[in-house]
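With the numbering used here, the residue at position 152 of the sequence shown is 139, and numbering never jumps. Think of the CB as a built atom: it goes at the ideal place given N, C-alpha and C, for glycine as much as any other residue. For clarity, every value in this text was computed on a predicted model and none was experimentally measured. Some notes on the structure that comes next.
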Amino acid sequence: MLLELENVTIPTFDKQRIIVNNVSFGVKEGSIHSIIGPNGSGKSTLAYTIMGLTNYKLKSGKIKFEDKDITDKTITERAQLGITLAWQEPARIEGLSVAKYISLGVKEKSRIKEKVKDVLQTVNLEPEKYVDRFIDDSLSGGERKRIELAAAIAMQPRLIILDEPDSGLDVIITEDFWNIFNKIKELNMTILLITHREDIGMVADYGTLLWRGEHLITDEFPKVMLQYCKKAGLKEFCKRALFKNGVKCFDDDYIDKIFEGVDLND
Ligand SMILES: Nc1ncnc2c1ncn2[C@@H]1O[C@H](COP(=O)(O)OP(=O)(O)OP(=O)(O)O)[C@@H](O)[C@H]1O
Ligand SMILES: [Mg+2]
C-alpha cells in the first residue's frame, strides 16, 4: 500500500465534534482510488488531513505513507515525501504566467521548458496557446483547473489528491477526464480522487464509501458504487449508470438481489 489510514478519527477545529470517525483503508500504489459519499460525509476533511493542512489533526489513529508513519509530519514534509493536493477551487494568482506557475514545482531545473510543455499536454491543453497567459479571470474555470492539475503533475508527486476536479465543470467531458487520469496513472502517480460524478468515478480502480464520517466499504470501485446506490436508495440509477468501458458492471438481477439485502460478498 502506498497510503494507509488506520482508525483515523478527525475532530472539528474546536474539537467539539467528530467529523471522521475511526476510518481505515489503504490506497494501492499505481491505482486510481476514489472517495465517494454524500455532501458533508467528510471527504474533503479526510483529503486535507492526509495532506496535513494546519488544523486538520487526528484525535486518534495513524496515517502511513510507504510504510512510514506520517501522522505527525507537516504539510511541507509530506509534500517532500511526494504527496500533493489540488483544491476544490483553483487559485487565481494575478501577474503570474502559466509557464512560471507550473515551473515553480519542477524539480529538474534544466528541463523546465520541456516539462511545462509536457504537463500541459498531459492535461490536454495546447502548450503554445497557454504558456504566456496569466493565472487570472481571463482563463475559464475549466482551463484553471487543468493548469492547476498540470502544476501538480509537474511536481512529480507519488500521490496526487484531487478534491472534486470536476466541480462546476460541465465543459470537461467524461472522456477527457478519463484520458487525463489515465495519462497521470501512466506517469506512475497514484490518484486519490474525490468526485460527485459517477461517470468520472468509474475511471477509478478502487473506491471508499464514507457515510456521515463513517467508513462503509473499500473495494473495487463498481462494488463501492453499488453499495452507495443501495444506501441512497438509487436502484434505477444504479442500473442505468454503472458502466465501465461501455459494459454494464452488474446484471439487473444481481442489482435487485443486492437491494433485497443479499451480502455483496456472497
Ligand atoms: N472546521 C470545522 N468545524 C466544524 N465543522 C466542520 C469543519 N470542517 C468540516 N466541518 C463539517 O464536517 C462535515 C464534513 O465536511 P467535509 O467538507 O469534509 O464534507 P465533504 O464530504 O467534503 O462534503 P462535500 O461533498 O459537500 O464537499 C460537514 O458537516 C462540515 O460542515
Ligand atoms: Mg468536499
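- Look at residue 30: its beta carbon is less than 7 Å from one of the heavy atoms in ligand 2.
- In the DSSP assignment, the residues bridged to residue 73 are 149.
- One thing to note: residue 33 has its Cβ no nearer than 8 Å to the Cβ of residue 14.
- Contact annotation, residue 124 with residue 18: C-beta distance approximately 36 Å; criterion of less than 8 Å not satisfied.
- The stretch 96 to 155 is shown to contain whole beta strand (DSSP E) runs of 3 or more residues at 146 to 150, in chain order.
- In the DSSP assignment, residue 12 falls within the beta strand (DSSP E) that extends over 5 to 14.
- Residues 6, 7, 197 and 200 of the same chain have their beta carbon placed closer than 6 Å to that of residue 29, with the five preceding and five following residues left out of the count.
- Per DSSP, the unbroken beta strand (DSSP E) holding residue -9 starts and ends at -10 to -2.
- Rounded to whole angstroms, residue 234 and residue 96 show a C-alpha spacing of 44 Å.
- Here residue 94 has 142 and 143 as same chain residues with Cβ atoms under 8 Å from its own Cβ, once five neighbours each way along the sequence are excluded.
- Remark: C-beta atoms of residue -12 and residue 148 do not approach each other more closely than 8 Å.
- Under the three-state reduction of DSSP output, residue 248 falls in the coil class, being neither helix nor strand.
- Judged by their CB atoms, residue 146 and residue 177 are nearer to each other than the 8 Å cut-off.
- Between residue 11 and residue 188 a beta carbon distance of about 21 Å is seen, past the 8 Å cut, so the two are scored as non-contacting.
- In the structure shown, the three-state DSSP call for residue 93 is coil.
- Under the 8 Å Cβ criterion, the stretch 55 to 75 does not count as touching the stretch 112 to 123, having fewer than three qualifying pairs.
- Here the alpha carbon of residue 106 sits roughly 11 Å from the alpha carbon of residue 85.
- At least 8 Å separates the beta-carbon of residue 224 from that of residue 190.
- Shortest Cα-Cα distance from residue 232 to any of 43, 166 and 88 involves 166.
- By the criterion of a C-beta distance shorter than 6 Å, residue -2 is surrounded in its chain by 5 and 46, once the five residues flanking it on both sides are discounted.
- Taken through DSSP and simplified to helix, strand or coil, residue 217 comes out as helix.
- As computed with DSSP, residue 198 is found in a beta bridge with 201.
- In the DSSP assignment, no residue is bridged to residue 208.
- Proximity of the beta carbon of residue 0 to ligand 1 is indicated: a heavy atom of the ligand is located closer than 7 Å.
- Bounds of any alpha helix (DSSP H) do not take in residue 237, whose DSSP letter is neither H nor E.
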